[in-house]
Every structure is written in C-alpha cells, then in structure tokens.
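Student: Residue numbering for the sequence shown follows the working numbering, starting at 15 and increasing by one per position.
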Amino acid sequence: MSLEDKVLELLRREMGRYVSGTEIATILGVSRMAVNKAVSNLRKRGFLIEAHPRLGYRLLSLDDLRLLESYLRDLATALRYKVIYMEEVASTQDMARALAEEGAAEGTIVIAEEQSSGRGRLGRPWISPRGGLWFTILLRPRITPSRLALISLLSSVAIALGVMDITGLKPRLKWPNDVILKGRKLAGVLVEASVEADVVRHCLVGVGVNVNNKIPIELEGEAISLKEVLEAEVPRVVLMRSLIRRFDELYVALMRGMVRSILDVWRSLSDTLGRKVRVLSYQGELEGIATDIDEEGALILRIDKKKMRVRAGDVIYLRSS
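1. Quick check on the DSSP output: the beta strand (DSSP E) that includes Arg-198 runs from which residue to which?
2. Taking the alpha helix (DSSP H) that Leu-25 belongs to, which residues open and close that run?
3. Where does His-216 land, buried or exposed, given buried means 16+ other C-beta within 10 angstroms?
4. Give the straight-line distance between the Cα atoms of Ser-34 and His-66, rounded to the nearest whole angstrom.
5. Can you tell me the Cβ-Cβ gap for Arg-111 and Glu-128, rounded? I've got them flagged as a contact below 8 Å.
6. So what's Arg-46 in DSSP terms, helix, strand or just coil?
7. Would you call Gln-297 buried or exposed, if buried means 16 or more other Cβ atoms sit within 10 Å of its Cβ?
8. Buried or exposed: which applies to Lys-188, given that a residue is buried once 16 or more other Cβ atoms fall within 10 Å of its Cβ?
9. Which residue from Leu-218, Val-219, Leu-164, Glu-242 puts its Cα closest to that of Ile-229?
10. Here's a check: name, in chain order, each residue in its chain whose Cβ is nearer than 6 Å to the Cβ of Gly-220, leaving out the five neighbours to either side.
11. Compute the Euclidean distance between the alpha carbons of Tyr-85 and Arg-255, then round it to the nearest angstrom.
12. By DSSP's criteria, Gly-70 is part of a beta bridge. Which residues make up the other side?
13. Going by Cα to Cα distance, which pick from Asn-227, Gly-327, Asp-318 is closest to Glu-245?
14. Closest to Glu-18 by C-alpha separation, out of Val-44, Glu-28, Ile-38, Leu-56, would be which residue?
15. Under 9 Å between the Cβ atoms of Val-324 and Ser-295?
16. Span of the beta strand (DSSP E) holding Trp-148?
17. Quick check: the region 155–173 against the region 264–282, are there 3 or more CB pairs under 8 Å?
18. Whole alpha helix (DSSP H) runs in the region 199–269 with 4 or more residues, listed along the chain?
19. Using C-beta distances below 6 Å, list every residue in its chain close to Lys-96, excluding the 5 sequence neighbours before and after it, in chain order.
20. If I measure Cβ to Cβ from Val-279 and keep anything under 6 Å in the same chain, skipping five residues before and after, which residues do I get?
21. Figure out for me which residue from Arg-46, Arg-94, Leu-79, Ala-126 has the closest Cα to the Cα of Ala-104.
22. Hey, would you say Asp-77 sits closer than 9 Å to Val-251, going by beta carbons?
23. Going by other Cβ atoms of all chains shown within 10 Å of its Cβ, with 16 needed for buried, is Ala-119 buried or exposed?
24. Among the candidates Leu-287, Arg-87, Pro-185, Leu-22, whose CA atom is the shortest distance from the CA of Arg-72?
25. How would you call Leu-287, buried or exposed, if buried means at least 16 neighbouring beta carbons within 10 angstroms?
26. Of the choices Val-291, Arg-333, Ile-330, whose alpha-carbon is the least far from that of Arg-316?
27. Report the option in Glu-210, Gly-327, Glu-301, Leu-89 whose CA atom is closest to the CA atom of Lys-321.
28. Tell me whether Gln-107 sits in a helix, a strand or coil according to DSSP, three-state version.
29. What are the boundary residues of the alpha helix (DSSP H) that Leu-187 is part of?
30. Contact check, Val-53 vs Ile-63 under 8 Å by CB: the rounded distance?
31. Count the other CB atoms, across all protein chains shown, that sit within 10 Å of the CB of Asp-212; report buried if there are 16 or more and exposed otherwise.
32. Within the same chain, show all residues whose beta-carbon is closer than 8 Å to that of Leu-332, passing over the 5 residues directly before and after it, in chain order.
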C-alpha cells in the first residue's frame, strides 16, 4: 500500500474528525513533509481534505449533489463547469439538448437524482434510481463528425480512471462505451451530437454510473454498483470531482490533437481487445478477433485473414475455440 493510501485509510477511519499531521506522521513512521505531499496528491485525485493550521487534516464525505458546483471550482480545469441540479428529470440528455439549443455554454452539466426516462445507446432504457450518478455534459468541440466516437472513448476512460482514483478498484472498458467491473456493467456513455454541414454544433455526453443505487433483480447478473463491490457507500460529490478532472484532462488532450495518447490509455484498460467477439452492427453480424481500435475509435476485427473496420455496434464476447 502506498503512503497516499495509508494516509487515506487513516483519515477514513477518523472520517469528519481532524487528525494532526504530527499524529499521522508518527503512526505511519514518516516525516511531516511526506504527509503533506501525500495529502496534496490525494486532493489532486479528487478527495476533499480540509486542512486547519492547528487541528490538522480531515476527510469530507459528501453525497449532496446540490453542492457539486461549489466543489468543482477549485479544480484546475480548462472548462468552467456550471452545474444544473434536478431532483428528478425525464432525461438529463434531453434537458441538456434544450439548453444547448438556447446557447448554453460548453461545460454545462445537467445532473439528476433520478431519471424517469433515462436511455442508453439505440434508445435502450437506462434505469436511473436515486444513489447513482446520472448526468450530461454539454460540449462544443472543434472536431469533425468522424471523430465524435473519440469523445465516447475518452469519456469511458475518464470514468474508469476516476473510479480507480477514489476506490482503488480497476474497471475495464468494453468497446464501444461500457465500463465494466467483475464482468458486469458499472457505467455507460451515450454521445449525441448536432451536426450541420460537417460541423459539430454541440455534443452531449450522457453518463450513467451505478454508485450507491440498488441494482434491480432482473439486472443483477448484468449490472453492478460500487456499493455492492465495496460494501460501503461512495461519496458521489468526491467521485464526480475525480470524474470531471479526468474528463477535462482527456478532452483537452483531444482538442490539442493528442489522439494517440488517448487511444493508448483506452487500449491499456480494454477488456475487448484480443477477444473473440461477435459484433452486431449495421454491416451485419460479424465474428472475429478484436485486434485494435483506429484513429477514429473504430474497432478493428480480424476475420480469417482479413481486417474489417467497425464504426459502431454491440459486442458479444465468445469463447475461443
């Protein structure tokens, strides 16, 4: 266990109570300077740690999404994120679309405690009860429509890395837009865009993460929540800070043309590459080995001795013969 994680575990045991830097250093057998550095790195990962000159440090566990915007302000992000909080909404995606048409700024986040008509790819329903993270980020990216799939990929990477930062768990990525844990779906991404004359007017990144919500009985074999794995609730404001920080870094990288670095991170987290798969797409039903993704996020399949490029579709894992 790293020093950062040891400091975090100690602060978690004393949740809400101040622990002096001297006490932490004594318990862990390190210097005060090392404790200060560990706390600084934990803050960078998204954890909310208050410091008092006389009392020391205390870890905050926040789950009130109404406070989210105020706790995003201290993040060193390129975009300025404005949060619109709703108790319940039909769909954060639909609300964000209406705001985009009215001229809302890039970085607007619509987040809701519940969605009554949440949806995933291909219009499939996404059950969105209280306890999860259901939100949409409005973007106005300077990219061609052919590169919109990269926003889906980088969003999935941001979720996986954000979850790792806060929980230590190691989610994997299933092409094109799923984040999985222990073989079940933890999160999904839905990217929709308004395009005119080969120009992206706006892009909506819809995200659903199973955090503390109960998984319906009929989906228990397919979906999973962080609470189920950790056997403890995860503070959603803290998790959102980490997700937004990671998303902002990757989005800026895309705008700067650093596509290769984004794809390399996706590949390192991929659960799909190297597997025998069946892909259901507009090109028909295809079976082969998933070997790579290309510069636009398309999946490369090896079918017999040929390579085929698949831009979109549903992936089913097959047993290797």
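C-beta atoms are modelled at their ideal positions from N, C-alpha and C, and glycine is treated no differently. Quantities reported herein were computed from a predicted structural model and do not represent experimental measurements.
Tutor: According to the structure data:
1. Here residue 198 refers to the residue found at position 184 of the sequence shown. 198–210 is the span of the beta strand (DSSP E), which, as asked, contains Arg-198.
2. Looking up residue 25 in the sequence shown gives position 11. From DSSP, the alpha helix (DSSP H) with Leu-25 extends over 17–27.
3. As a working note, residue 216 is residue 202 in the sequence shown. The residue in question, His-216, is buried, as its Cβ has 16 or more Cβ neighbours within 10 Å.
4. As a first step, residue 34 is located in the sequence shown; it is residue number 20 there, counting from the start. As a first step, residue 66 is located in the sequence shown; it is residue number 52 there, counting from the start. So the alpha carbons of these two residues sit roughly 9 Å apart.
5. As a position in the sequence shown, residue 111 is number 97, starting the count at 1. As a position in the sequence shown, residue 128 is number 114, starting the count at 1. No, Arg-111 and Glu-128 are not in contact; Cβ-Cβ is about 19 Å, not under 8 Å.
6. What you label residue 46 is simply residue 32 of the sequence shown in a count that begins at 1. In the structure shown, Arg-46 sits in a helix (DSSP, three-state: H, G or I).
7. On the sequence shown, position 283 is the one that residue 297 refers to. It is exposed - the Cβ of Gln-297 has fewer than 16 other Cβ atoms within 10 Å.
8. Here residue 188 refers to the residue found at position 174 of the sequence shown. Buried, because 16 or more other Cβ atoms sit within 10 Å of the Cβ of Lys-188.
9. Counting from 1 along the sequence shown, the entry for residue 229 is found at position 215. When only C-alpha atoms are compared, the closest one is Glu-242.
10. In the sequence shown, the residue the question calls residue 220 occupies position 206. Closer than 6 Å at Cβ, skipping near neighbours: Gln-107, Thr-150, Leu-204.
11. Residue 85 sits at position 71 when you count from the first residue of the sequence shown. Residue 255 sits at position 241 when you count from the first residue of the sequence shown. Their Cα atoms are separated by approximately 7 Å.
12. What you label residue 70 is simply residue 56 of the sequence shown in a count that begins at 1. Looking at the DSSP assignment, Gly-70 forms a beta bridge with His-66.
13. Within the sequence shown, numbered from 1, the residue matching residue 245 stands at position 231. With distances taken between CA atoms, Glu-245 lies nearest to Asn-227 out of Asn-227, Gly-327, Asp-318.
14. The count along the sequence shown starts at 1 and reaches residue 18 at position 4. The candidate whose alpha carbon is nearest that of Glu-18 is Leu-56.
15. Locating residue 324 in the sequence shown gives position 310, counting from the first residue. Locating residue 295 in the sequence shown gives position 281, counting from the first residue. Yes, these two residues count as a Cβ contact at 9 Å.
16. Position 134 of the sequence shown, counted from the start, is the residue given in the question as residue 148. Element bounds for Trp-148: 147–153.
17. yes
18. 240–244, 250–269
19. Taking the first residue of the sequence shown as position 1, residue 96 is located at position 82. Sequence-distant partners of Lys-96 (beyond 5 residues in either direction) whose C-beta falls short of 6 Å from its own C-beta, in its chain, are Thr-122.
20. By 1-based counting over the sequence shown, the position of residue 279 is 265. Hits under 6 Å: Val-171.
21. Walking along the sequence shown from the start, residue 104 turns up at place 90. For Ala-104, the closest alpha carbon among the candidates Arg-46, Arg-94, Leu-79, Ala-126 is that of Ala-126.
22. For the purposes of this step, residue 77 is taken as the residue at position 63 of the sequence shown. For the purposes of this step, residue 251 is taken as the residue at position 237 of the sequence shown. Contact: yes.
23. Taking the sequence shown and counting its residues from 1, the one referred to as residue 119 is at position 105. When all chains shown are included, Ala-119 counts as exposed.
24. Taking the sequence shown and counting its residues from 1, one reaches residue 72 at position 58. Ranking Leu-287, Arg-87, Pro-185, Leu-22 by Cα distance to Arg-72 puts Leu-22 first.
25. Here residue 287 is taken as the residue at index 273 of the sequence shown, counted from 1. Buried, because 16 or more other Cβ atoms sit within 10 Å of the Cβ of Leu-287.
26. The residue labelled residue 316 in the question sits at position 302 within the sequence shown. Comparing Cα-Cα distances from Arg-316 to each of Val-291, Arg-333, Ile-330, the minimum goes to Val-291.
27. The residue you call residue 321 lines up with position 307 of the sequence shown. It is Glu-301.
28. As a first step, residue 107 is located in the sequence shown; it is residue number 93 there, counting from the start. Of the three classes helix, strand and coil, the one that applies to Gln-107 here is helix, per DSSP.
29. Looking up residue 187 in the sequence shown gives position 173. It is not in any alpha helix (DSSP H) - Leu-187 instead sits in the beta strand (DSSP E) that spans 186–188.
30. Sequence index remark: in the sequence shown, residue 53 carries index 39 (1-based). Sequence index remark: in the sequence shown, residue 63 carries index 49 (1-based). That belief holds up - the Cβ atoms of Val-53 and Ile-63 are roughly 6 Å apart, short of 8 Å.
31. Working through the sequence shown from its first residue, we reach residue 212 at position 198. Exposed, because fewer than 16 other Cβ atoms sit within 10 Å of the Cβ of Asp-212.
32. The sequence position of residue 332 within the sequence shown is 318, counting from 1. The answer, listed in chain order, is Arg-289, Lys-290, Val-291, Arg-292, Glu-301.
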